[in-house]
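Read through the structure below, which is laid out as structure tokens, and then see the notes.
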Amino acid sequence: MAKPSTLTWLNRGGRDVFAQIWTPDGDVSSARAAVVIVHGLGEHSGRFAAWAQRFVAHGIPVYALDTHGHGRTTGRRGHTESFGLIFDDIRHLLMKAAAAHPAARTHLYGHSMGGALALGFAALRAQDAAGARIASVIGTGTAVRPGFEPPAWKIKLANMLDSLVPGLALGNELDPAWLSSDPAVVAAYKADPLVHDRISVRWYNEWMRTIAAIKENPGQIQVPVLMMHGDADRATSPSAARDLAAMLNAKFQTWPGAFHEIHHEPCKDEVFAAILSWINSLS
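Take the sequence shown: its letters are residues 1076 to 1358, numbered as in this note's numbering.
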């Protein structure tokens, strides 16, 4: 089993950013594909370790980022000054992958909030995406909008305080039981010291602004997009993701009965096979 190496850097926002890299044995400079993973809200790159091993077994190196205020990247939990700063970090990691694997085409893979960030990067940083040789964007459980109705007072507060107290962080209202039908996955999530339930006023508004910008001009995204969702997802809305996929002319696939983390559901083998087939078709 491949053990990850780690990578850290100081970004222009003054944060120490943490990432992990899983690589196959042997010469990886000739790898035909690489994957860069962006995790969801409240979690971290380490929760994708087992999933990364699946790619490694097929000769595909995996790079995974801890976003601002998550995992081992510094900063107030659940807060970022702007998604633009996170896009900088995504670009940094993409360029590291491109330099290490010059023959590879890289697939930017985001889960949940990471899916929104991946699509936002491809749309709003299209030039950077092209420079990093991105072959596609893959989104699972993409956070287009919540799968539940957040308290109205929290939304109103976020809108009012964005410019006044952007770092104010509130509970994200996510029930861990929504993540997976596997009790062991839920228990591990609850026990994970790097997991949190925070989302700041600014983060929420940056999320909403990014989704709006993607919808306003879906043609900004110049690479193929694969979006997949469990149809029993209560954390993020499958119907909102489907609608966005249609706007983007993306391939959209649902998994019957699956919860939010389809990579932790009984269908995970089929999910991985579908992603691998997608990557192989483009690499």
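By construction, the Cβ of each residue, glycine as well, lies at the ideal position given by its N, Cα and C atoms.
Exposure of glutamine 1297, with buried meaning 16 or more beta-carbon neighbours within 10 Å:
As a working mapping, residue 1297 is identified with position 222 in the sequence shown. Around the beta-carbon of glutamine 1297, fewer than 16 other beta-carbon atoms lie within 10 Å, marking it exposed.
Quick one: what's got a C-beta closer than 8 Å to asparagine 1086's C-beta in the same chain, skipping five residues either side?
Looking up residue 1086 in the sequence shown gives position 11. For asparagine 1086, where only same-chain residues beyond five positions count, the Cβ hits under 8 Å are Val1092, Leu1160, Asp1163, Asp1164, His1167.
Which residue spans inside the segment 1289-1323 form an unbroken alpha helix (DSSP H) run of at least 4?
1313-1323
Assess, as a yes-or-no matter, whether the segment 1334-1347 is touched by the segment 1241-1256 under the definition of 3 or more beta carbon pairs within less than 8 Å.
yes
Using 10 angstroms around the beta-carbon of valine 1240, count the other beta-carbons present and answer buried if the total reaches 16, otherwise exposed.
Position 165 of the sequence shown, counting from 1, holds the residue named residue 1240. Label assigned to valine 1240: exposed.
Could you pull the start and end residues of the beta strand (DSSP E) that serine 1275 belongs to?
Here residue 1275 corresponds to residue number 200 of the sequence shown, with the count starting at 1. Residues 1273-1275.
Could you tell me the alpha carbon to alpha carbon distance between glycine 1185 and glycine 1088, rounded to whole angstroms?
Within the sequence shown, numbered from 1, the residue matching residue 1185 stands at position 110. Within the sequence shown, numbered from 1, the residue matching residue 1088 stands at position 13. Rounded to the nearest angstrom, the two C-alpha atoms are 22 Å apart.
Kindly indicate the opening and closing residues of the beta strand (DSSP E) around glycine 1185.
Position 110 of the sequence shown, counting from 1, holds the residue named residue 1185. Residues 1180-1186.
Beta-carbon separation of histidine 1176 and isoleucine 1209 under 9 Å?
For this step, residue 1176 is matched to residue 101 along the sequence shown. For this step, residue 1209 is matched to residue 134 along the sequence shown. Taking 9 Å as the cut-off, the beta carbon of histidine 1176 is found no closer than this to the beta carbon of isoleucine 1209.
Where phenylalanine 1334 falls: helix, strand or coil (DSSP):
Within the sequence shown, numbered from 1, the residue matching residue 1334 stands at position 259. Of the three classes helix, strand and coil, the one that applies to phenylalanine 1334 here is coil, per DSSP.
Is it the case that the segment 1265-1281 contacts the segment 1109-1120, given that we only count it when at least three CB pairs across the two stretches are under 8 Å?
yes
Measure how close the beta-carbons of glycine 1216 and aspartate 1308 come, nearest whole angstrom, since I'm counting them as under 8 Å.
Locating residue 1216 in the sequence shown gives position 141, where the first residue counts as 1. Locating residue 1308 in the sequence shown gives position 233, where the first residue counts as 1. Confirmed, Cβ separation roughly 6 Å.
Please list the segments of the beta strand (DSSP E) lying wholly inside the segment 1110-1153, counting only runs of 3 or more residues, in order along the chain.
1137-1140
Same chain only: Cβ atoms within 8 Å of threonine 1083, ignoring 5 sequence neighbours per side
Within the sequence shown, residue 1083 is the residue found at index 8, counting from 1. Correct list, in chain order: Asp1091, Val1092, Phe1093, Ala1094.
Would you please state the rounded distance, in angstroms, between the beta carbons of tryptophan 1330 and methionine 1302? I believe it to be under 8 Å.
Working through the sequence shown from its first residue, we reach residue 1330 at position 255. Working through the sequence shown from its first residue, we reach residue 1302 at position 227. With a Cβ gap of about 12 Å, tryptophan 1330 and methionine 1302 do not count as contacting.
By a C-beta neighbour count over all protein chains shown, 10 Å radius and 16 as the cutoff for buried, is glutamate 1291 buried or exposed?
Counted from its first residue, the sequence shown places residue 1291 at position 216. Looking at its Cβ environment, which holds fewer than 16 other Cβ atoms inside 10 Å, glutamate 1291 is exposed.
With DSSP as the reference, label leucine 1085 as helix, strand or coil.
Position 10 of the sequence shown, counted from the start, is the residue given in the question as residue 1085. DSSP places leucine 1085 in strand when its eight states are reduced to three.
Select from Arg1200, Ala1125, Ala1316, Lys1078 the residue whose C-alpha is nearest the C-alpha of lysine 1343.
Within the sequence shown, numbered from 1, the residue matching residue 1343 stands at position 268. The option with the nearest alpha carbon to lysine 1343 is Ala1125.
Alpha carbon to alpha carbon, how far is alanine 1325 from leucine 1357?
Within the sequence shown, residue 1325 is the residue found at index 250, counting from 1. Within the sequence shown, residue 1357 is the residue found at index 282, counting from 1. Their backbone Cα atoms lie some 14 Å apart in a straight line.
Beta carbon of aspartate 1102, beta carbon of alanine 1077: below 9 Å?
As a first step, residue 1102 must be located in the sequence shown, where it is residue number 27. As a first step, residue 1077 must be located in the sequence shown, where it is residue number 2. No, these two residues do not count as a Cβ contact at 9 Å.
DSSP-derived helix/strand/coil call for leucine 1269:
Within the sequence shown, the letter at position 194 stands for residue 1269. Looking at leucine 1269 - three-state DSSP - the assignment turns out to be coil, as it is neither helix nor strand.
What is the DSSP secondary structure of serine 1080, reduced to helix, strand or coil?
Here residue 1080 refers to the residue found at position 5 of the sequence shown. Reduced to three states, the DSSP call for serine 1080 is strand.
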